[in-house]
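The next block holds one structure in the form of structure tokens; read it before the comments.
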Amino acid sequence: MQDFRELFIAVCVGLVILAGLWIRRYGWQRGLLAFVLRVGWVAPILLAVFPRMDKELISSSVSLKTIHILRDDSASMNDPVSRLRTTNLLSRLDESCRQMACRLQETKLSEISDEVGEGFTPLSLGIRSWLPLTGVDPWIVLSDGGDSQPNQPWPQQLKDMGRREGLQRGLILASPHAEQDNIWLDMVGGPDFGFDQKNIELETTVYRRGKSLDQELTVQLQASVLARNLASLNVTFRPGESQLTVTIPLPPLPRGTHLIKVQALPVGNESTIWDNTLYKSLEILPNTIGILHLLGSPSWDGRFVRRYLKSEPKYDMISFFILRDPTDVQLTNERELSLIPFPVDRLFNEELPNFRAVVIQNFSLYQFLEPAYQKNLVDFVMNGGGLLFIGGPRALHELDLSSSPLATLLPFKTPGVAPRNDNVSDWLNPPAVPYDPDLRFTIKAAEPDREKRTLATVFEDWIKLDLNLSPEDSFKGLHRLDQVQLQEEGVTPLLMAETADGRESLLAAASYPGKGRAIWLFSDSLWQLAMNPGPKGSRETYHSFLRSAMTWLLREEMQRPLWLQDLSLQTQGSYTPWSVRVRGPAARFINEGSDWQFRVCGQVVPSKDVLRQMVSGDQWVLSGSLPTRLASGLACELNIEGAHPAFGQVKASIYGVVPEVFADREMEGSFNRLSQLQTLTGAALVELESEQETVQIQDWLSKVTGDLTAIKRTEQKVIPDYYWVFSTGWALLLLLCLPLEVIVRRWDALFGTRGLHLSHELPKKSGEDAPPEVLDGQRIVRPS
Numbered sequence: 006m007q008d009f010r011e012l013f014i015a016v017c018v019g020l021v022i023l024a025g026l027w028i029r030r031y032g033w034q035r036g037l038l039a040f041v042l043r044v045g046w047v048a049p050i051l052l053a054v055f056p057r058m059d060k061e062l063i064s065s066s067v068s069l070k071t072i073h074i075l076r077d078d079s080a081s082m083n084d085p086v087s088r089l090r091t092t093n094l095l096s097r098l099d100e101s102c103r104q105m106a107c108r109l110q111e112t113k114l115s116e117i118s119d120e121v122g123e124g125f126t127p128l129s130l131g132i133r134s135w136l137p138l139t140g141v142d143p144w145i146v147l148s149d150g151g152d153s154q155p156n157q158p159w160p161q162q163l164k165d166m167g168r169r170e171g172l173q174r175g176l177i178l179a180s181p182h183a184e185q186d187n188i189w190l191d192m193v194g195g196p197d198f199g200f201d202q203k204n205i206e207l208e209t210t211v212y213r214r215g216k217s218l219d220q221e222l223t224v225q226l227q228a229s230v231l232a233r234n235l236a237s238l239n240v241t242f243r244p245g246e247s248q249l250t251v252t253i254p255l256p257p258l259p260r261g262t263h264l265i266k267v268q269a270l271p272v273g274n275e276s277t278i279w280d281n282t283l284y285k286s287l288e289i290l291p292n293t294i295g296i297l298h299l300l301g302s303p304s305w306d307g308r309f310v311r312r313y314l315k316s317e318p319k320y321d322m323i324s325f326f327i328l329r330d331p332t333d334v335q336l337t338n339e340r341e342l343s344l345i346p347f348p349v350d351r352l353f354n355e356e357l358p359n360f361r362a363v364v365i366q367n368f369s370l371y372q373f374l375e376p377a378y379q380k381n382l383v384d385f386v387m388n389g390g391g392l393l394f395i396g397g398p399r400a401l402h403e404l405d406l407s408s409s410p411l412a413t414l415l416p417f418k419t420p421g422v423a424p425r426n427d428n429v430s431d432w433l434n435p436p437a438v439p440y441d442p443d444l445r446f447t448i449k450a451a452e453p454d455r456e457k458r459t460l461a462t463v464f465e466d467w468i469k470l471d472l473n474l475s476p477e478d479s480f481k482g483l484h485r486l487d488q489v490q491l492q493e494e495g496v497t498p499l500l501m502a503e504t505a506d507g508r509e510s511l512l513a514a515a516s517y518p519g520k521g522r523a524i525w526l527f528s529d530s531l532w533q534l535a536m537n538p539g540p541k542g543s544r545e546t547y548h549s550f551l552r553s554a555m556t557w558l559l560r561e562e563m564q565r566p567l568w569l570q571d572l573s574l575q576t577q578g579s580y581t582p583w584s585v586r587v588r589g590p591a592a593r594f595i596n597e598g599s600d601w602q603f604r605v606c607g608q609v610v611p612s613k614d615v616l617r618q619m620v621s622g623d624q625w626v627l628s629g630s631l632p633t634r635l636a637s638g639l640a641c642e643l644n645i646e647g648a649h650p651a652f653g654q655v656k657a658s659i660y661g662v663v664p665e666v667f668a669d670r671e672m673e674g675s676f677n678r679l680s681q682l683q684t685l686t687g688a689a690l691v692e693l694e695s696e697q698e699t700v701q702i703q704d705w706l707s708k709v710t711g712d713l714t715a716i717k718r719t720e721q722k723v724i725p726d727y728y729w730v731f732s733t734g735w736a737l738l739l740l741l742c743l744p745l746e747v748i749v750r751r752w753d754a755l756f757g758t759r760g761l762h763l764s765h766e767l768p769k770k771s772g773e774d775a776p777p778e779v780l781d782g783q784r785i786v787r788p789s
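Residue numbers (the numbering used here): 6 to 789.
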């Protein structure tokens, strides 16, 4: 009541003022009557402010836990024997739930999909649609494992949905069916990508089930690409063995994405052969990589870089280093110098696209490359090539920044320099970013934000290496970049150089110009890592440093920026739904912008038609639907291509197969299909009509319900009732005052002046009786 006191007083004052206004307008009789009627119907509403305190006896009990059941009611589960078995099972489950404070909520497969009525069993589709709706409640799947698309892998979205906090909240009840000999395969492991001219190994588990487990059995496995057989081997089961894990060696494959088919040939008496085949999508990357190395002049750092590149068999390196400047005057015939002319025209006009990366070390572009060649080099990087830039006395001169396209690739904002037209010699072309050959420094890790750190995986590799020298030594020679400003987008600082005076200067950075990648090192003294006699430096440390840089630069890191997994294709009516899992640092940006292109089975899918579901920051599930129904067994490729200032350009592809569709009359129950679901979800699997069936079900129920019993207690509570007025009869009668008030106030408009008594007498004319006056509304009309 304290909260409504001011409002209550305001309403009462308002009513008193309203009474005075009505008496002045309608007269005291009519105005007072209208006011009384207004108070009458407002009174019940005002009384609602004063609640009535009621005492109630409340009975509380433990809430019943809901257990969801998905029942397969397809044709294979709808024969009289199966119906009777299902009815008895549900009755026993319901009886057990009554004792354990739980209740059953049943959903039929036919309620999820109309294909059940057409003679099919969309088990995979039904479970994928139903299971997320169970939330955190326990669930049961009752089926014989028959599926109209048995080759379709179970969706990865169901992973660990049968287990929560170490408790198996899912239960799969496998309906019994005729025991038969069966062989099926499961892919245990294998690379997602391999290299050209390198052998590949796939690890596969072969299972067998049937009445003849006590006999020896030999199964032949075959691996093929399209119609080409890659490998064949025999797997022999000894008596009593039900599974074997084998390694299938594959010969080198050409570059590109391939769909590997692994098949177990059927054995005698085997009728279920759809599970004898599995597929693996494999991308083959180039084994040898072309590297162009340009060195401005012989140096220790150049020697160590060339030695590393030559030591890697996968690098096909072409190296040029400058011994003569264009301005050198030689008093000797050029034919007598025994020097190879720099084939600049052929390199930068013809051969440049054949390289994967270019190393520019202590090199002045303006001195040795015409603007057209520089433009080709910049285009090479912008279109997806790699650039490793290593500074030095000849690098980053004034004309390299003011009159060279290289300035568009720099990770920092170009200092203000004016173009010059004088000689291009070093003494007339001073460095725009000065290089101090005597400046000593130590290495310190930069502090990029988490997003940039994830994209530049080379940073993670470098911070694991101790890149500093022994305490008594330090690096010598550095570009002074403590005054320049780093670009805000598309650049990740990697290393900082800390000088003796405590100042910090940028030492190394990674950038993403266009579709390419670049690493910038602003010192040519890191070779000292290989020659340091202390415990912190060694030749292996230096090689690991360059190996991490080149691996990231060439997009060969094991944590690739973008890769695809678990391509799923289905057929529903006249449509082909698809889904794929996208992983990698570049996946963080897959929901940004329109620079993503999707192609599924040769059809371009608009970006707006792709549904994106985030699993984690760098993991998404993409899905959509093609407007056509693809043929069963068709090999289908999915391609994703994207570009972003944070990582340049990425491409990824994966193969999948449109699963075959079988009607119920063509399918039999499959225990291993349910076993695969159990492995994925972490649920419990129970075979019905087995010896341990009842014990296993009761044990599962007791765990998910906590073996609760209905505990009831009664307590007395005082509850305020704000609507007690409207539960009485007299309050309803008072509400009738509302229409009566309207009638009194609108009497003139409804009935005229008849029956209306004025509250005052009209004056008479002098000398004669005044004629009667007629009241018309609010005016007194005198007859003429």
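Think of the CB as a built atom: it goes at the ideal place given N, C-alpha and C, for glycine as much as any other residue. A quick note: this is a predicted structure, and the numbers were derived from the prediction, not measured.
Find out if the Cβ-Cβ distance for the pair residue i, residue j is shorter than 8 Å.
i: Ser628; j: Leu616; result: yes
i: Val44; j: Leu26; result: no
i: Ala513; j: Ile524; result: yes
i: Tyr231; j: Lys708; result: Just to set this straight, residue 231 is Leu in the shown sequence, not Tyr. In this structure, Lys708 does not lie closer than 8 Å to Leu231 by Cβ.
i: Val438; j: Leu401; result: yes
i: Phe446; j: Pro453; result: no
i: Val310; j: Val363; result: no
i: Pro854; j: Phe667; result: Not covered by the structure: residue 854. The range shown for the chain is 6 to 789.
i: Phe325; j: Pro303; result: no
i: Thr91; j: Leu128; result: no
i: Leu706; j: Pro49; result: no
Mapping DSSP to helix, strand and coil, what is residue i?
i: Val16; result: helix
i: Ile253; result: strand
i: Ile278; result: coil
i: Asn187; result: strand
i: Gln683; result: helix
i: Tyr660; result: strand
i: Ile595; result: coil
i: Tyr212; result: strand
i: Pro137; result: helix
Sorted by chain position, which residues of the same chain lie with C-beta nearer than 7 Å to residue i's C-beta, five sequence neighbours on each side aside?
i: Asn281; result: Ile188, Trp189, Leu190, Gln268, Ala269 and Pro271
i: Leu690; result: Ile177, Ala179, Leu679, Ser680 and Gln683
i: Val16; result: Leu51
i: Leu283; result: Leu190, Met192 and Val267
Residue i to residue j, Cα distance in whole Å?
i: Val204; j: Ala236; result: The residue asked about is misnamed: residue 204 is Asn in this sequence, not Val. One C-alpha to the other measures close to 12 Å.
i: Arg560; j: Val489; result: 29 Å
i: Cys102; j: Gly674; result: 28 Å
i: Thr277; j: Cys107; result: 39 Å
i: Val18; j: Val47; result: 13 Å
i: Pro611; j: Phe603; result: 7 Å
i: Ala24; j: Phe13; result: 17 Å
i: Leu406; j: Phe480; result: 26 Å
i: Asp84; j: Ala688; result: 27 Å
i: Tyr371; j: Leu404; result: 6 Å
i: Gly140; j: Glu116; result: 19 Å
i: Asp219; j: Leu693; result: 23 Å
Can you give the beta carbon distance from residue i to residue j, rounded, assuming they're within the 8 Å contact cut?
i: Leu569; j: Ile645; result: 7 Å
i: Ile289; j: Phe198; result: 7 Å
i: Ile265; j: Arg361; result: Not really, about 26 Å apart at Cβ, beyond 8 Å.
i: Leu299; j: Phe385; result: Actually they are not in contact, since the Cβ atoms of Leu299 and Phe385 sit about 13 Å apart, beyond 8 Å.
i: Ser658; j: Glu642; result: 6 Å
i: Thr504; j: Pro590; result: Their Cβ separation, rounded to whole angstroms, is 33 Å, which puts Thr504 and Pro590 out of contact at 8 Å.
Please list, in chain order, all residues of the same chain as residue i whose beta carbon is under 6 Å from its beta carbon, the five residues on each side excluded.
i: Trp729; result: Arg57
i: Cys742; result: Leu42, Gly45 and Trp46
i: Asp487; result: Arg508 and Ser510
i: Lys164; result: Leu685
i: Ile145; result: Ile74 and Leu176
i: Thr714; result: Low confidence applies to Thr714: its pLDDT is 43, below 50, so where it sits in the model is not reliable, and the reading given next is rough at best. Here the set comprises nothing.
Quick one: does the C-beta of residue i sit closer than 7 Å to a heavy atom of the ligand MN?
i: Pro257; result: Although the ligand MN was asked about, the structure shown includes no ligands whatsoever.
Near residue i, what residues of its chain come up, given a Cβ to Cβ distance below 8 Å and the 5 sequence neighbours on each side ignored?
i: Tyr580; result: Ser630, Leu631, Pro632, Thr633 and Arg634
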